[in-house]
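First up is the structure itself, then whatever we jot down about it.
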């Protein structure tokens with residue numbers, strides 16, 4: 012059985028509190044099926060991510076990685092799967108079909124990448140020789156990059172360093188389609204092309220890409 016609920020402090024986060032399988036049935040896919048079902052329900056309930064706590068020596072660690080969970084830096088116990096938010100996009104939802112396919116069509120395990128000093132995670136899916144690639148920023152939980160069909164969005168975030176409140180920062184965004192972008196309290200509708208948006212530094216200024 013599995014217990015899950017909304018995360019107690021993070022918005023749009025479905026938290027898996029407990030997973031238990033009988034010792035006689037471990038290794039037969041029960042844990043995988045439970046977690047995959049949690050991911051499906053997260054998509055259906057419009058959550059952005061699924062999370063859980065574990066420990067490095069847990070025998071289930073390899074399973075979590077294969078299902079798209081990654082370590083949150085400096086925690087050593089907290090893992091997040093960023094994929095559910097992708098299915099808020101109608102084109103991606105149509106491509107993947109059943110929400111559980113974010114597990115079944117995933118290629119390998121997420122790859123850790125560093126973008127301007129920020130820890131990000133690169134996911135890839137493949138279906139019928141069509142590839143979907145998405146890169147998520149660990150801190151904001153949002154998309155930095157996505158490549159899928161005629162959709163190409165690349166966010167060049169400011170360097171990950173301390174800023175004085177009110178200091179101007181620049182964020183570069185390249186897009187192949189018209190997209191909405193939220194920065195702080197302001198929203199922008201960006202047309203295809205390359206854009207540089209300037210804003211004042213403040214806590215959690217970067218909401219990044221919301222796809223719809």
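In the numbering used here, the protein residues as written are 12 to 223. The beta-carbon is built from N, C-alpha and C at its ideal position, and this holds for glycine as well. Quick caveat, the model's predicted, so the values are computed rather than measured.
The segment 18-25 / the segment 63-71 touching (three or more Cβ pairs under 8 Å): no
Same chain, Cβ closer than 6 Å to residue 144, five either side skipped, listed in chain order: 135, 158
Three-state class that DSSP yields for residue 27 in the structure shown: strand
Alpha carbon of residue 69 to alpha carbon of residue 204, nearest angstrom: 46 Å
Backbone CA spacing between residue 58 and residue 51 [nearest angstrom]: 10 Å
Sheet register partners of residue 89 (DSSP bridge): 64
CA-to-CA distance, residue 164 to residue 177, given in whole angstroms: 27 Å
Residue 99 versus residue 78 - alpha carbon distance: 19 Å
Nearest-angstrom Cα separation, counted from residue 38 out to residue 149: 30 Å
Rounded straight-line distance, which links the Cα of residue 175 to that of residue 96: 31 Å
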